[in-house]
Structures are given as C-alpha cells and as structure tokens.
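> Position one of the sequence shown corresponds to residue 139 (the numbering used here), numbered consecutively onward. Before I ask anything, let me first share the structure, which is written out below as structure tokens.
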Amino acid sequence: MLVDIVLAALPLAAWFAAYGGLLAATRPRAGRAVPATPELGDEPPAVVSLFANDWKVTVDAVESTLLDLGARRILEFRQPGDDPRQTTIHIVDEHPTGLNPYEQRIFDRVAGLAIGGVVPLTALTFRDPSAAKAWWKRINAEIIADARARGLSQRRFGRSLVTALTLAAAVVALPVGFVAYRMAVRSADDDPSGAGLSVGFVCFLLLTFLAGRPMGDRDTPAGREA
C-alpha cells in the first residue's frame, strides 16, 4: 500500500515542483531604473500603465488614455467648480483618425454618451455590470495585444511551456492510473481497468487545466528596457 502511494505521489510532486518553479521563473520583472528625463518613449499611456502595474491592465490604463485623448485635442475637459466630479468632457474632434483599437473604444464610449458633444465625467461609469465586464474584457485584450505587437510583452506561459507541462501531465497520469487500478483490484472492484483509466484521465485533465489556464503576461527584454 505504501509503495503504491509513493508510486503515485512522487510523479505528482515532481510535476507540481516544476510548475511552481516555472511560476517563479516567469514572474514579471521591472527594468533597471535610469535617471529621470523629459524625453518620453513612444509607448502609449496604456502600455506604460501595463509596465507600472507589473504587466497587469488596471483602470489606470483607461484613465491615462482618456487624458491622453485630451492632450491630443480630441477631447477637452472642463471643471466649472472646485469639485472634480463636476468635470465635463467635450468632444473637439468628432471623427478622429489614427486611433488604435482601445483608444477608439474609449472615444466611442464618450461619444456614445455625449449629448450635443458634451458628457459629464461621472456618466462614463457603467450601470450594467455585465456590460462593464464585457467592455473591460475587450479593452484588456486590446491593450495586451498592442504591447505584444510592440515586442514589449509576452504570455507568461508560452506554447512551449504549456506543451512541456502537458506532456509531463500525461507521464504523471500513467502511474496514478496504475495505482488506482491496483487499489480497485484489491477492493474487488467489478471494473478495475475502468477505475484506473478514469482516475488517470481525470488526473491528466486537472494537470493540463492548470498548465493551460491564462497566466497573464510578463516582460520581454525590450519591455524591461522600455
């Protein structure tokens, strides 16, 4: 019985040790700090926000893009009083060109709510949680795609790592299924082969799910430099 437990536990422990090691090795790393300079890079604010937040898209990316549209004179912000919540957004350029997908999506959100070219800043908040989730999912993907296209970001677990972990999962599932088969034989199960196959298959599915689930993005050498 002890031999069977060891036979199943050792491969599983080795797989999880490798998985944990890869998680540690692929953690996003910040670039080396350099002296402050007024010379900014070519990266849009949303991508810079990605760098500043450990390669995660946050609300800062949307807010900085909105402000950038103001800096480019596509939008204009007016605050009539001391309370910044009274700020209104005025559309200066109704048909802007050269916007990337997430910039266009943010502009469309403003334009879709504007009446007479004006919308209160507070009106941009979504009232429908499902609509907010769908909008956020799309803009998150667009910002990540832009960073990847610039060579500044990459999947934390690339295809080669996922493939290697999947093959290792298949190897681990064999002894786990075999141990389940032996235990079914000892317990006089009517279908020990079926029990072994079922347990081995479930083990394989669980490990491949862990290996293939989205892990976010991480830096590239160019991303760290930026």
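Ideal Cβ positions, reconstructed from N, Cα and C, are used throughout, including at glycine. None of these values were measured; they are calculated from a predicted model.
Measuring only the C-alpha atoms, how far is residue 307 from residue 146?
Roughly 12 Å separates the two Cα atoms.
> Counting Cβ pairs closer than 8 Å, one from the segment 149 to 159 and one from the segment 315 to 332, do we hit at least three?
In short, these stretches do not touch, since the Cβ pair count stays below three.
> Considering only the beta carbon of each residue, do residue 213 and residue 227 sit closer than 8 Å?
With respect to the 8 Å criterion, residue 213 and residue 227 are classified as neighbours on the basis of their beta carbons.
> Applying the 10 Å Cβ sphere with the 16-neighbour rule, what's the burial state of residue 357?
It is buried - the Cβ of residue 357 has at least 16 other Cβ atoms within 10 Å.
> Report buried or exposed for residue 268, applying the criterion of at least 16 other Cβ atoms within 10 angstroms of its Cβ.
Burial is judged here by how many other beta carbons sit within 10 angstroms of a residue's own beta carbon; residue 268 has fewer than 16 and is exposed.
> Of all the options 158, 168 and 247, which has the alpha carbon lying nearest to the alpha carbon of residue 201?
Comparing C-alpha distances from residue 201 to each of 158, 168 and 247 shows the shortest one belongs to 247.
> Using the Cα positions of residue 276 and residue 310, report the straight-line distance between them to the nearest angstrom.
37 Å
> Would you be able to state if there are at least three C-beta pairs under 8 Å between the segment 162 to 169 and the segment 218 to 226?
no
> On the CB-based measure, 16 or more other CB atoms within 10 Å of its CB, does residue 170 come out buried or exposed?
exposed
> Residues in the same chain with beta-carbon distance under 7 Å from residue 333, minus the five sequence neighbours each way, listed in chain order, please.
If we look at residue 333 and ignore the five residues flanking it on each side, its Cβ neighbours are 318, 319, 322 and 327.
> Could you check where the beta strand (DSSP E) with residue 215 kicks off and where it finishes?
213 to 216
> Scan the segment 240 to 269 and note each continuous beta strand (DSSP E) run of 3 residues or more that stays entirely inside, going in chain order.
256 to 258
> Going by beta-carbon coordinates alone, are residue 284 and residue 238 separated by less than 8 Å?
The Cβ atoms of residue 284 and residue 238 lie closer than 8 Å to each other.
> Inspect the beta-carbon positions of residue 297 and residue 355 and report whether they are closer than 8 Å.
No, these two residues do not count as a Cβ contact at 8 Å.
> Does the separation of the CB atoms of residue 364 and residue 181 fall below 8 Å?
yes
> Thinking just about the alpha-carbon of each residue, which of 221, 187, 360 and 216 is nearest to the one in residue 229?
216
> Below 8 Å between beta carbons: does that hold for residue 207 and residue 264?
no
> Can you tell me the Cα-Cα spacing of residue 197 and residue 281, whole angstroms?
12 Å
> Report the partner residues of residue 228 according to the DSSP bridge assignment.
Among the bridge pairs identified by DSSP, residue 228 is matched with 214 and 256.
> For residue 357, which residues does DSSP report across the bridge?
Its beta-bridge partners are 291.
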